[in-house]
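Numbering (this note's numbering), first residue to last: 20 to 289.
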């Protein structure tokens, strides 16, 4: 496996702060602006990136991210262009952990090993396939590990003992802890603190834990970090700013994104 996540978590632990990992859809609202947004997220304090490859049937995503996907498709995004954007981002940010969030059909359609091989060639660090249950994940895990890509699995809030044990065992760079069941989104935000799950994951030697789904406020980030996780993943809160301020011009949207990321990053400090 690559060492970027390990170096990141070691550095953040030494400085007593949690990780901020923003999620956006590649190509939203256009390829050119998407690259500017990525620069802004990193300038605003992102410690790593989770990037979504647009997919027509994103089962785990709520309306905010689904609309971002539609905007990306309307702007002409394709999987090939996604890989080209990823190549440019990696070339620019050589030490930044970059993870992908995708869906099984996109991986299948390229051939599982071929997909992971392409990710490895670009030097992607991790891949989360959102709609593959852990019991059907062997072929994905094997191809990921073969290509030095870290597989990532989601720990739901209602995970039973055996599932927690498997998740902790299969994850290598981080565990994605869900704040709540359902799809992404801040429309019906109900962020839970999950100390019992964090404790169980630690017992089973989970890699660092990042909590996501429904997180949108600095106060929520501070509470979540205080509960014992190693960082937060924010998607819909960021994408809603992209959507909300597109009409005011790209520069204003980027300013609002930068201000928001600065506030969230400050809240990760313990």
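By construction, the Cβ of each residue, glycine as well, lies at the ideal position given by its N, Cα and C atoms.
| Query | Result |
| --- | --- |
| Whose C-beta lies closer than 6 Å to the C-beta of residue 44 among residues of the same chain, with five residues either side of it excluded? | 71, 73, 87, 88 and 91 |
| DSSP state of residue 38, grouped into three classes? | strand |
| Do you know how far the Cα of residue 143 is from the Cα of residue 100? | 15 Å |
| Within this structure, are the beta carbons of residue 254 and residue 96 separated by less than 8 Å? | no |
| Any idea what DSSP makes of residue 113, helix, strand or coil? | coil |
| Excluding the 5 residues flanking residue 131 on each side, which residues of the same chain have their C-beta closer than 8 Å to its C-beta? | 158, 159 and 162 |
| Judging by CA-CA distance, which residue of 288, 195, 65 and 263 is the nearest neighbour of residue 239? | 288 |
| Please return the same chain residues whose Cβ sits closer than 7 Å to the Cβ of residue 34, not counting the five positions on each side in sequence. | none |
| So what's residue 126 in DSSP terms, helix, strand or just coil? | helix |
| If we call anything under 8 Å between Cβ atoms a contact, is residue 183 one with residue 223? | yes |
| Kindly list the residues whose CB is nearer than 7 Å to the CB of residue 232, restricted to its own chain and excluding five residues on each side of it in sequence; keep chain order. | 197, 198, 199 and 203 |
| Check this for me: beta carbons of residue 273 and residue 25, under 8 Å apart or not? | no |
| Following the continuous alpha helix (DSSP H) through residue 88, name the residue where it begins and the one where it ends. | 82-93 |
| Taking one C-beta from the region 259-278 and one from the region 50-64 each time, how about it: are there three or more such pairs within less than 8 Å? | yes |
| Leaving aside the five residues before and after residue 153 along the sequence, list all residues of the same chain whose C-beta is less than 8 Å from its C-beta, in chain order. | 172, 182, 185, 186 and 189 |
| Is DSSP giving residue 24 helix, strand or coil here? | helix |
| Tell me whether residue 135 sits in a helix, a strand or coil according to DSSP, three-state version. | helix |
| Using the Cβ count rule (16 or more neighbours within 10 Å means buried), how would you classify residue 51? | exposed |
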